[in-house]
Structure formats: structure tokens, C-alpha cells
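What the sequence shown shows, in the working numbering, is residues 56 to 199, in sequence order. Beta carbons: idealized from backbone N, C-alpha and C, even for Gly.
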Amino acid sequence: MSMKELLESLKSNGYKITEQRKSIIQVLTSYNNKFISVETLFNESKKIYSKTNMSTVYRNLEILENLNLIHKILTKEGISLYQLISTTTHHHHIICKRCGKTEVIDFCPISSFEKLSKNKNFTLTDHKFELYGYCFNCENLKDS
């Protein structure tokens with residue numbers, strides 16, 4: 056999604072377009088194919104608009120998530136990472152553990168898990184599926 060599309064989506068949902076909000080959106084769009092931490096988003100947003108504060112970053116991430124404009128994942132260390140949604144179809148991700156580069160996986164393995172859950176008398180209502188590893192560039196850095 057472009058910055059213009061995001062701002063229009065926010066506006067059409069009744070949100071004001073403030074300088075802080077614009078700086079946050081600008082950073083998210085510049086990290087288009089990568090997940091980004093709240094700290095990185097905050098620091099980069101402050102470079103664009105110095106009056107950006109952490110509570111505004113958190114509020115805007117919540118708004119964007121509620122509007123289904125961003126993905127949120129939780130790392131095994133408990134860190135929340137965010138990325139703009141680039142496609143509206145159901146998909147999953149491969150994520151580089153070093154640089155955060157993200158690729159979309161169009162395949163969904165949920166049908167195997169649905170059968171397993173039915174055998175356990177459990178009804179699945181939602182899921183997230185992320186694979187972690189190293190992209191080509193970061194894998195080569197490990198050998199250096």
C-alpha cells in the first residue's frame with residue numbers, strides 16, 4: 056500500500072491526518088517488505104517529525120491493526136513486529152531473522168491442522184503461520 060492509500064483509508068475511517076501519524080505511515084511504507092519493531096518505528100518517525108512520541112506510535116499501530124492495514128507478529132523473544140499488508144488475499148510469511156526481509160507464502164497448510172484439531176475435539180477459528188530463517192544475503196554474512 057502506498058502512503059497516499061493509507062492516509063486516505065485512515066481519513067475515510069474518521070481519523071485525522073496529523074504530522075505524527077504521517078511520519079509513522081512514512082516509515083512503515085519505507086520498510087515495505089520488512090517487519091519493523093516499535094522501537095525502530097519510533098526512532099525513524101522522530102527523525103521525520105521530532106515531536107512524535109511513543110504513545111502515539113502504539114495508538115497508531117493499534118488503529119492500523121484494527122483497520123487490517125498492518126500485520127503484527129510476535130517473535131519467540133516476545134517482541135512485536137509490524138508490517139504493512141501488501142496483499143488482501145490470505146497468505147503467510149517467510150521472515151529473515153537477521154534483517155527482517157519478508158516474503159509472502161501463498162500456500163496455506165491449515166487443512167492438515169483442521170483435520171488434526173477435529174480429531175482432538177477442537178474447533179479452529181483463526182491462525183498465523185510464519186517461517187523464520189536467513190535470506191540469501193544474511194546467510195552469506197554468517198559465513199564471513
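Here Lys156 is near Cys193, since their CB atoms are less than 9 Å apart. Of the candidates Glu99, Cys190 and Leu65, Leu65 places its Cα closest to the Cα of Glu120. Straight through space, the alpha carbons of Phe191 and Ser85 are spaced by roughly 21 Å.
For Tyr113, the enclosing alpha helix (DSSP H) has its first and last residue at Met109 to Asn121.
Gln81 is positioned such that its CB atom lies no closer than 9 Å to that of Met56.
In this model, Met109 and Leu96 are separated by some 9 Å (Cα to Cα). Here the C-alpha atom of Ile72 lies approximately 49 Å from the C-alpha atom of Asn174.
Residue burial is scored here from C-beta neighbours: Thr107 has at least 16 other C-beta atoms within 10 angstroms and is therefore classed as buried. Measuring C-alpha to C-alpha distances from Leu129 to each of Glu185, Val159, Asp181 and Glu63 identifies Glu185 as the nearest. Leu116 is the residue among Ile103, Leu116 and Lys102 whose C-alpha sits nearest the C-alpha of Ser92. Annotation for Thr95: the continuous alpha helix (DSSP H) segment containing it runs Val93 to Ile103.
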